[in-house]
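Asker: Residue numbering for the sequence shown follows my numbering, beginning at 352 and increasing consecutively. Heads up, the beta-carbon is just placed ideally off N, CA and C, and yes, glycines get one too. This one's a predicted model, so the numbers in the text were calculated from it and none came from an experiment. Below is one structure. I have some questions about it.
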Amino acid sequence: MVNKAAAKLRAQLADPDEIVVCPGVQDGLSARVCLQQGFRNPYMTGAGIAISLLGMPDLGLITADDMVRNASMIASLDRTVPVITDADTRFGGPAMVARSVERYILAGVAGLHIEDQVSTKRCGHLLGKELIDVATYVARIRAADAARRRLEDDIVLIARTDALQSLGFDEAVRRLKAAVAAGADVAFLEGMTTKDDMQKTVEAMAPTPCLLNMVSGGVTPLIDAAEARRMRYKIAAQELKATGAIRERQGPDGKVIGGVRECFEVCGLSECAEFDKEMGGKAYADGV
(Lines of atoms letter the chains of each structure in order from A and count residues from 1; the text may use other names and numbers.)
(Lines give C-alpha, C1' and ligand atoms only; values in the text may rest on other atoms or scores of the structure.)
Protein backbone atom coordinates (compact mmCIF):
# COMPACT_ATOMS: atom_id res chain seq x y z
CA MET A 1 0.00 0.00 0.00
CA VAL A 2 1.12 3.56 -0.74
CA ASN A 3 -0.16 6.23 1.62
CA LYS A 4 0.57 9.35 -0.39
CA ALA A 5 -0.93 11.59 2.28
CA ALA A 6 1.38 10.17 4.93
CA ALA A 7 4.37 10.50 2.61
CA LYS A 8 3.53 14.16 2.07
CA LEU A 9 3.18 14.76 5.81
CA ARG A 10 6.51 13.08 6.46
CA ALA A 11 8.14 15.32 3.85
CA GLN A 12 6.68 18.37 5.61
CA LEU A 13 8.04 17.18 8.95
CA ALA A 14 11.47 16.61 7.41
CA ASP A 15 11.64 20.16 6.00
CA PRO A 16 13.67 22.19 8.51
CA ASP A 17 12.01 25.44 7.44
CA GLU A 18 8.38 24.30 7.55
CA ILE A 19 5.78 24.24 10.30
CA VAL A 20 2.55 22.34 9.61
CA VAL A 21 -0.33 24.65 10.55
CA CYS A 22 -3.50 22.61 11.10
CA PRO A 23 -7.00 24.10 11.37
CA GLY A 24 -9.40 22.07 13.49
CA VAL A 25 -12.25 20.57 11.45
CA GLN A 26 -15.18 18.44 12.55
CA ASP A 27 -17.39 17.91 9.52
CA GLY A 28 -17.56 18.19 5.76
CA LEU A 29 -18.44 21.89 5.75
CA SER A 30 -15.63 23.00 8.05
CA ALA A 31 -13.18 20.85 6.09
CA ARG A 32 -14.36 22.32 2.77
CA VAL A 33 -13.98 25.87 4.07
CA CYS A 34 -10.41 25.20 5.22
CA LEU A 35 -9.49 23.53 1.93
CA GLN A 36 -10.90 26.47 -0.05
CA GLN A 37 -8.87 28.85 2.11
CA GLY A 38 -5.73 26.97 1.12
CA PHE A 39 -4.94 25.05 4.30
CA ARG A 40 -2.81 22.03 3.50
CA ASN A 41 -3.32 19.93 6.67
CA PRO A 42 -6.81 19.70 8.20
CA TYR A 43 -6.87 18.34 11.75
CA MET A 44 -9.98 16.36 12.71
CA THR A 45 -10.66 17.14 16.34
CA GLY A 46 -12.30 14.61 18.62
CA ALA A 47 -13.89 17.37 20.68
CA GLY A 48 -15.36 18.84 17.52
CA ILE A 49 -16.81 15.46 16.52
CA ALA A 50 -18.42 15.05 19.94
CA ILE A 51 -19.97 18.52 19.76
CA SER A 52 -21.09 18.49 16.14
CA LEU A 53 -22.08 14.85 15.69
CA LEU A 54 -23.51 14.01 19.11
CA GLY A 55 -24.24 17.43 20.58
CA MET A 56 -22.31 16.21 23.63
CA PRO A 57 -19.16 17.33 25.48
CA ASP A 58 -15.83 15.60 24.91
CA LEU A 59 -16.12 13.04 27.71
CA GLY A 60 -15.32 9.80 25.89
CA LEU A 61 -18.82 9.43 24.44
CA ILE A 62 -17.87 9.14 20.76
CA THR A 63 -17.18 5.71 19.31
CA ALA A 64 -14.52 4.32 16.99
CA ASP A 65 -17.15 4.14 14.23
CA ASP A 66 -17.98 7.83 14.71
CA MET A 67 -14.35 8.82 14.44
CA VAL A 68 -13.30 6.63 11.52
CA ARG A 69 -16.41 7.45 9.49
CA ASN A 70 -15.75 11.17 9.80
CA ALA A 71 -12.03 10.83 9.17
CA SER A 72 -12.72 8.86 6.01
CA MET A 73 -15.16 11.47 4.75
CA ILE A 74 -12.77 14.37 5.41
CA ALA A 75 -9.80 12.56 3.88
CA SER A 76 -11.84 11.74 0.77
CA LEU A 77 -12.55 15.40 -0.02
CA ASP A 78 -9.03 15.89 -1.38
CA ARG A 79 -6.65 12.93 -1.43
CA THR A 80 -3.68 15.27 -2.04
CA VAL A 81 -4.15 16.92 1.37
CA PRO A 82 -2.69 15.15 4.45
CA VAL A 83 -5.35 14.88 7.17
CA ILE A 84 -4.27 14.45 10.79
CA THR A 85 -6.87 13.04 13.16
CA ASP A 86 -7.49 12.67 16.85
CA ALA A 87 -7.66 8.96 17.70
CA ASP A 88 -8.40 9.36 21.43
CA THR A 89 -7.44 6.28 23.47
CA ARG A 90 -8.34 3.86 20.66
CA PHE A 91 -11.16 2.44 22.75
CA GLY A 92 -9.53 -0.64 24.24
CA GLY A 93 -6.47 -2.88 24.51
CA PRO A 94 -3.76 -3.59 21.92
CA ALA A 95 -6.03 -5.63 19.63
CA MET A 96 -8.58 -2.82 19.45
CA VAL A 97 -5.84 -0.23 18.97
CA ALA A 98 -4.39 -2.22 16.06
CA ARG A 99 -7.80 -2.67 14.43
CA SER A 100 -8.59 1.02 14.79
CA VAL A 101 -5.28 2.10 13.28
CA GLU A 102 -5.84 -0.24 10.34
CA ARG A 103 -9.22 1.37 9.78
CA TYR A 104 -7.68 4.85 9.81
CA ILE A 105 -5.08 3.70 7.32
CA LEU A 106 -7.78 2.38 4.99
CA ALA A 107 -9.61 5.69 5.43
CA GLY A 108 -6.60 7.44 3.92
CA VAL A 109 -5.54 9.70 6.78
CA ALA A 110 -1.93 10.86 7.01
CA GLY A 111 -1.45 10.82 10.77
CA LEU A 112 -3.21 10.21 14.08
CA HIS A 113 -2.53 10.68 17.77
CA ILE A 114 -3.12 8.25 20.60
CA GLU A 115 -3.21 9.34 24.23
CA ASP A 116 -2.61 7.94 27.70
CA GLN A 117 -5.96 8.70 29.32
CA VAL A 118 -8.32 5.98 30.51
CA SER A 119 -11.04 4.93 28.06
CA THR A 120 -13.56 7.25 29.72
CA LYS A 121 -11.37 10.16 28.66
CA ARG A 122 -12.07 13.87 28.43
CA CYS A 123 -10.84 16.89 26.53
CA GLY A 124 -7.24 17.73 27.34
CA HIS A 125 -8.25 21.24 28.40
CA LEU A 126 -10.61 20.04 31.13
CA LEU A 127 -9.79 19.12 34.73
CA GLY A 128 -9.54 15.76 36.48
CA LYS A 129 -8.03 13.66 33.69
CA GLU A 130 -7.26 10.06 34.67
CA LEU A 131 -4.31 8.20 33.16
CA ILE A 132 -3.32 4.65 32.40
CA ASP A 133 0.10 3.40 33.54
CA VAL A 134 3.15 3.74 31.32
CA ALA A 135 3.25 0.05 30.36
CA THR A 136 -0.35 0.15 29.11
CA TYR A 137 0.33 3.37 27.21
CA VAL A 138 3.42 1.91 25.55
CA ALA A 139 1.38 -1.16 24.60
CA ARG A 140 -1.07 1.10 22.76
CA ILE A 141 1.73 2.74 20.78
CA ARG A 142 3.43 -0.57 20.07
CA ALA A 143 0.13 -2.03 18.80
CA ALA A 144 -0.39 0.98 16.52
CA ASP A 145 3.11 0.57 15.09
CA ALA A 146 2.56 -3.16 14.56
CA ALA A 147 -0.69 -2.43 12.69
CA ARG A 148 0.92 -0.07 10.22
CA ARG A 149 3.83 -2.43 9.67
CA ARG A 150 1.40 -5.26 9.01
CA LEU A 151 -0.25 -3.17 6.30
CA GLU A 152 3.15 -1.87 5.12
CA ASP A 153 1.90 1.68 5.60
CA ASP A 154 3.74 4.77 6.83
CA ILE A 155 0.92 6.64 8.59
CA VAL A 156 2.43 9.09 11.08
CA LEU A 157 1.93 8.03 14.71
CA ILE A 158 1.68 10.87 17.21
CA ALA A 159 2.03 10.06 20.90
CA ARG A 160 -0.03 12.32 23.15
CA THR A 161 0.24 12.50 26.92
CA ASP A 162 -2.08 14.28 29.35
CA ALA A 163 0.22 13.59 32.31
CA LEU A 164 1.30 17.19 32.89
CA GLN A 165 -1.82 18.14 34.83
CA SER A 166 -1.56 15.46 37.52
CA LEU A 167 1.96 14.02 37.33
CA GLY A 168 4.11 16.96 36.26
CA PHE A 169 6.42 17.86 33.42
CA ASP A 170 9.16 15.29 34.00
CA GLU A 171 6.73 12.37 34.04
CA ALA A 172 5.01 13.68 30.92
CA VAL A 173 8.35 13.77 29.07
CA ARG A 174 9.23 10.30 30.36
CA ARG A 175 5.99 8.96 28.91
CA LEU A 176 6.56 10.64 25.57
CA LYS A 177 10.09 9.26 25.32
CA ALA A 178 8.80 5.76 26.10
CA ALA A 179 6.19 6.16 23.37
CA VAL A 180 8.80 7.28 20.84
CA ALA A 181 10.94 4.27 21.73
CA ALA A 182 7.86 2.10 21.05
CA GLY A 183 7.39 3.51 17.55
CA ALA A 184 5.78 6.98 17.73
CA ASP A 185 7.02 9.55 15.22
CA VAL A 186 5.82 12.78 16.86
CA ALA A 187 5.42 13.88 20.49
CA PHE A 188 2.38 15.79 21.77
CA LEU A 189 2.21 17.13 25.33
CA GLU A 190 -1.37 18.26 25.88
CA GLY A 191 -2.60 20.90 28.30
CA MET A 192 0.55 22.98 28.75
CA THR A 193 -0.17 26.11 30.78
CA THR A 194 3.02 28.16 30.30
CA LYS A 195 5.25 29.19 27.42
CA ASP A 196 8.18 27.88 29.44
CA ASP A 197 6.76 24.35 29.36
CA MET A 198 6.03 24.75 25.66
CA GLN A 199 9.67 25.56 24.96
CA LYS A 200 11.05 22.95 27.34
CA THR A 201 9.01 20.19 25.69
CA VAL A 202 10.64 20.75 22.30
CA GLU A 203 14.08 20.83 23.89
CA ALA A 204 13.48 17.72 25.98
CA MET A 205 12.10 15.71 23.07
CA ALA A 206 14.65 16.73 20.41
CA PRO A 207 15.19 15.45 17.75
CA THR A 208 11.62 14.06 17.80
CA PRO A 209 9.22 16.56 16.17
CA CYS A 210 6.55 17.98 18.47
CA LEU A 211 2.90 18.98 18.03
CA LEU A 212 1.42 22.03 19.75
CA ASN A 213 -2.34 22.18 20.38
CA MET A 214 -4.08 25.44 21.23
CA VAL A 215 -7.80 26.17 21.46
CA SER A 216 -9.80 29.27 22.26
CA GLY A 217 -10.68 29.23 25.95
CA GLY A 218 -8.24 26.38 26.62
CA VAL A 219 -5.42 26.21 29.16
CA THR A 220 -2.48 26.57 26.75
CA PRO A 221 -1.18 30.08 25.96
CA LEU A 222 -2.04 31.19 22.44
CA ILE A 223 0.88 31.95 20.15
CA ASP A 224 1.06 32.46 16.39
CA ALA A 225 2.81 30.26 13.86
CA ALA A 226 5.93 32.44 13.82
CA GLU A 227 6.49 31.99 17.55
CA ALA A 228 5.69 28.28 17.35
CA ARG A 229 8.31 27.99 14.61
CA ARG A 230 10.86 29.85 16.77
CA MET A 231 10.18 27.32 19.52
CA ARG A 232 10.86 24.66 16.83
CA TYR A 233 7.44 23.03 16.85
CA LYS A 234 6.73 21.09 13.66
CA ILE A 235 2.92 20.85 13.89
CA ALA A 236 0.61 23.51 15.34
CA ALA A 237 -3.17 23.25 15.59
CA GLN A 238 -4.30 26.79 14.80
CA GLU A 239 -7.03 28.52 12.84
CA LEU A 240 -5.74 31.41 10.71
CA LYS A 241 -3.79 30.53 7.57
CA ALA A 242 -1.93 33.82 7.09
CA THR A 243 -0.56 34.08 10.63
CA GLY A 244 -1.29 30.72 12.21
CA ALA A 245 -3.00 32.50 15.09
CA ILE A 246 -6.12 31.95 17.18
CA ARG A 247 -8.40 34.87 17.96
CA GLU A 248 -10.31 35.13 21.22
CA ARG A 249 -13.15 37.46 22.15
CA GLN A 250 -13.91 38.21 25.78
CA GLY A 251 -17.22 39.21 27.30
CA PRO A 252 -17.80 41.89 29.98
CA ASP A 253 -17.06 39.27 32.65
CA GLY A 254 -13.61 38.58 31.17
CA LYS A 255 -14.55 35.07 30.03
CA VAL A 256 -13.76 33.89 26.53
CA ILE A 257 -16.80 33.96 24.26
CA GLY A 258 -17.30 30.74 22.33
CA GLY A 259 -14.33 29.02 23.96
CA VAL A 260 -14.01 25.27 24.21
CA ARG A 261 -15.43 25.05 27.73
CA GLU A 262 -18.43 27.22 26.86
CA CYS A 263 -19.15 24.92 23.92
CA PHE A 264 -19.00 21.91 26.22
CA GLU A 265 -21.37 23.57 28.68
CA VAL A 266 -23.87 24.21 25.89
CA CYS A 267 -23.59 20.49 25.11
CA GLY A 268 -24.26 19.38 28.68
CA LEU A 269 -20.88 19.21 30.43
CA SER A 270 -22.20 20.03 33.91
CA GLU A 271 -25.25 17.83 33.42
CA CYS A 272 -23.06 14.84 32.51
CA ALA A 273 -20.87 15.37 35.56
CA GLU A 274 -23.91 15.68 37.84
CA PHE A 275 -25.52 12.56 36.35
CA ASP A 276 -22.34 10.57 36.99
CA LYS A 277 -22.36 11.75 40.60
CA GLU A 278 -26.05 10.90 41.10
CA MET A 279 -25.47 7.39 39.77
CA GLY A 280 -22.66 6.82 42.24
CA GLY A 281 -19.83 7.39 39.79
CA LYS A 282 -16.56 9.08 40.70
CA ALA A 283 -15.20 10.00 37.28
CA TYR A 284 -15.64 13.73 37.90
CA ALA A 285 -15.01 13.87 41.64
CA ASP A 286 -11.86 15.94 41.04
CA GLY A 287 -13.57 18.39 38.73
CA VAL A 288 -14.08 18.64 34.99
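(1) Answer yes or no: do residue 513 and residue 475 have a C-beta to C-beta separation smaller than 8 angstroms?
(2) Go through its chain and collect everything with a Cβ distance to residue 531's Cβ below 7 angstroms, but skip five positions before and after it.
(3) Cβ of residue 506 within 8 angstroms of Cβ of residue 357?
(4) Whole angstroms is fine: what's the gap from residue 526's alpha carbon to residue 484's?
(5) Can you have a look at residue 581 and say buried or exposed, based on whether 16 or more other CB atoms are within 10 angstroms of its CB?
(6) Residue 504: which of 549, 454, 396, 470 sits nearest, CA to CA?
(7) Determine the closest residue to residue 536 out of 448, 365, 449, 354, with distance taken between C-alpha atoms.
(8) Which value, in whole angstroms, describes the spacing of the CA atoms of residue 517 and residue 634?
(9) Between the stretch 489 to 497 and the stretch 427 to 446, do three or more beta carbon pairs fall short of 8 angstroms?
(10) Per DSSP, which residues does residue 468 bridge with? Please list them.
(11) Verify whether the separation of the beta carbon atoms of residue 401 and residue 395 is less than 8 angstroms.
(12) Between the stretch 462 to 470 and the stretch 544 to 559, are three or more C-beta pairs nearer than 8 angstroms?
(13) Taking only runs of the alpha helix (DSSP H) that begin and end inside the stretch 542 to 591, which ones reach a length of at least 4 residues, in chain order?
(14) Is residue 515 closer than 8 angstroms to residue 639 when the C-beta atoms are compared?
(15) Is it true that the CB of residue 392 sits closer than 8 angstroms to the CB of residue 456?
(16) Could you tell me the boundaries of the alpha helix (DSSP H) in which residue 419 lies?
(17) Could you check which residue in 508, 471, 501 has the C-alpha nearest to that of residue 489?
(18) With 16 as the cutoff for other CB atoms within 10 Å, does residue 427 come out buried or exposed?
(19) Closest to residue 584 by C-alpha separation, out of 565, 561, 603, would be which residue?
(20) Please state whether the Cβ-Cβ distance between residue 610 and residue 567 is less than 8 angstroms.
(21) With H, G and I counted as helix, E and B as strand and the rest as coil, what does DSSP make of residue 537?
(22) Using C-beta distances below 6 angstroms, list every residue in its chain close to residue 360, excluding the 5 sequence neighbours before and after it, in chain order.
(23) Note the first and the last residue of the continuous alpha helix (DSSP H) segment covering residue 449.
(24) Provide the residue(s) that pair with residue 463 in DSSP beta bridges, ordered along the chain.
(25) How would you write the range of the beta strand (DSSP E) that residue 373 sits in, first residue to last?
(26) Around the Cβ of residue 387, are there at least 16 other Cβ atoms within 10 angstroms (buried) or fewer (exposed)?
Answerer: Taking the definition as stated:
(1) It is a contact, given that the beta carbons lie within the stated cut-off.
(2) Only residues of its own chain outside the window of five on either side were considered, and among them 510, 538, 559 have a CB closer than 7 angstroms to the CB of residue 531, listed in chain order.
(3) yes
(4) 9 angstroms
(5) Flag for residue 581 reads exposed.
(6) 454
(7) 365
(8) 15 angstroms
(9) yes
(10) 482
(11) no
(12) no
(13) Listed in chain order, the complete alpha helix (DSSP H) runs (minimum 4 residues) inside the stretch 542 to 591 are 546 to 556, 576 to 581.
(14) no
(15) no
(16) Here the alpha helix (DSSP H) through residue 419 covers 415 to 427.
(17) 508
(18) exposed
(19) 561
(20) Cβ atoms of residue 610 and residue 567: closer than 8 angstroms.
(21) strand
(22) Cβ neighbours of residue 360 beyond the five flanking positions: 433, 461, 462, 507.
(23) 445 to 458
(24) 436, 508
(25) Note, residue 373: beta strand (DSSP E), 371 to 373.
(26) exposed
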